[in-house]
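One structure is given below, encoded as structure tokens.
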Amino acid sequence: MSDFQLAVHSIGRHFGGLRALHDVSFVVPPGQICSVIGPNGAGKSTLLNILSGVTPPSAGTITLGGRRLDRLPAHRRVVAGIARTFQNLQLFDELTVLENVMIGAHTRSRSGFVAGLIGSPGARRDTASARHTALQLLDRLGLADRAQASAQSLSYGEAKIMEIARAMASEPRILLLDEPLAGLPGGAVERVAQVVVDLNRSGTSIILVEHNVRVVMQLSHHIVVLSNGELISEGTPQHVQADPAVIEAYLGEPADAA
Ligand SMILES: Nc1ncnc2c1ncn2[C@@H]1O[C@H](COP(=O)(O)OP(=O)(O)OP(=O)(O)O)[C@@H](O)[C@H]1O
């Protein structure tokens, strides 16, 4: 089924005179983990920002299941089925873990989080449903015992998982993860990586921007490699790992020149 295939077609983005992305096209079939890798400044975050609606593209189109997404504002892309996490933690410190995750569920509800606090009957139903969704997710991702703790009491690894739970609470078809493993201690890397695999096995497509190449090679079905804003290689982990263009981009010289 291609109902939720994401297609990125000829995306470009300039910042003044700087070409951050140029003519980038690729497809993410439903159910895949597609990683985007590349050296610093390659355009990875810009691409995630364009996919999630944070940054408009200068050129190109994005479709999900054939439906144009690139002209929708970020909140309507969430409803269409795309959710994301950010490179830096975006916690509401003074709220509990459960409340942080409920905010994600409310992005799909009709009443919204503030109306839920005020308490109209419809909003109360939405709040109960958001609570149920959030508790189920925390249970699934191994954080149920921290549901009532304040977000600021979480370890860095737990907070990363909480952010993934909040994004998942909007029930996305595609989850965009911006460096979910950055800054994590060893044990937490494996735990967060396992969360990514489990979510994918239960049907969520994932676009992963990540510098931890070892984990990327283990998890990904497909890898897109960017360098200086251009797509220089894509394919299976085995394919891109052996591609001289990728080796050159990372090492800075032709692979056969060494
Ligand atoms: N808002 C912006 N204004 C101007 N230039 C920008 C902006 N955002 C990104 N850039 C530039 O676009 C290029 C691509 O940046 P981007 O952050 O997408 O790369 P990246 O691959 O995510 O890098 P890193 O791995 O270091 O996070 C860089 O040269 C960066 O300086």
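Numbering-wise, the numbering used here puts 342 at position 198 of the sequence shown, and it's gapless, one number per residue.
Every residue gets a Cβ at the ideal spot worked out from N, C-alpha and C, and that includes glycine.
Remember, predicted model here, so these are calculated numbers, not experimental data.
Check, Outcome
"Three-state class that DSSP yields for histidine 355 in the structure shown", "coil"
"Own chain, CB closer than 7 Å to isoleucine 389, minus 5 neighbours either side, in chain order", "The amino acid occupying residue 389 in the given sequence is alanine; isoleucine does not appear at that position. Excluding positions up to five away in sequence, the list reads Ile376, Ser377."
"Glutamate 307 - DSSP class collapsed to helix/strand/coil", "helix"
"C-alpha gap between glutamate 354 and isoleucine 177, whole angstroms", "12 Å"
"For leucine 370, the nearest candidate out of Ile308, Gly187, Thr207, Ala203 (CA to CA)", "Gly187"
"Sequence-distant residues of its chain with Cβ nearer than 8 Å to arginine 335 (five each side left out)", "Gly286, Gly301, Ile305"
"Closer than 7 Å: leucine 235 CB and nearest ligand 1 heavy atom", "no"
"Local conformation of glutamate 374 per DSSP, three classes", "strand"
"Rounded C-alpha distance that separates histidine 250 from valine 198", "19 Å"
"Nearest-angstrom beta carbon gap, arginine 163 and glycine 373 [assumed within contact, 8 Å]", "5 Å"
"Cβ-based neighbour list, glutamine 234, same chain, cut-off 8 Å, excluding 5 preceding and 5 following", "Glu307"
"Lysine 188: CB within 7 Å of a non-hydrogen atom of ligand 1", "yes"
"Residue range of the beta strand (DSSP E) that includes alanine 164", "162-172"
"Boundaries (first-last residue) of the alpha helix (DSSP H) holding aspartate 342", "330-345"
"Contacting residues, own chain, Cβ-Cβ under 6 Å from asparagine 356 (five flanking each side not counted)", "Leu325"
"Secondary structure, alpha helix (DSSP H): runs of 4+ residues fully inside the stretch 176-264", "188-196, 218-224, 241-250, 256-262"
"Under the three-state DSSP convention, the category aspartate 147 falls into", "coil"
"Euclidean distance between Cα positions of asparagine 347 and proline 174", "Contrary to the premise, residue 347 reads as glycine rather than asparagine in this sequence. Answer to the nearest angstrom: the Cα atoms are 8 Å apart."
"Isoleucine 351 at chain D interface by Cβ criterion, 8 Å", "Protein chains in the displayed structure number just one, and chain D is not present."
"Neighbourhood of threonine 190 by C-beta, 7 Å cutoff - its chain only, sequence neighbours within 5 removed", "Arg157, Ala164, Leu165, Thr199"
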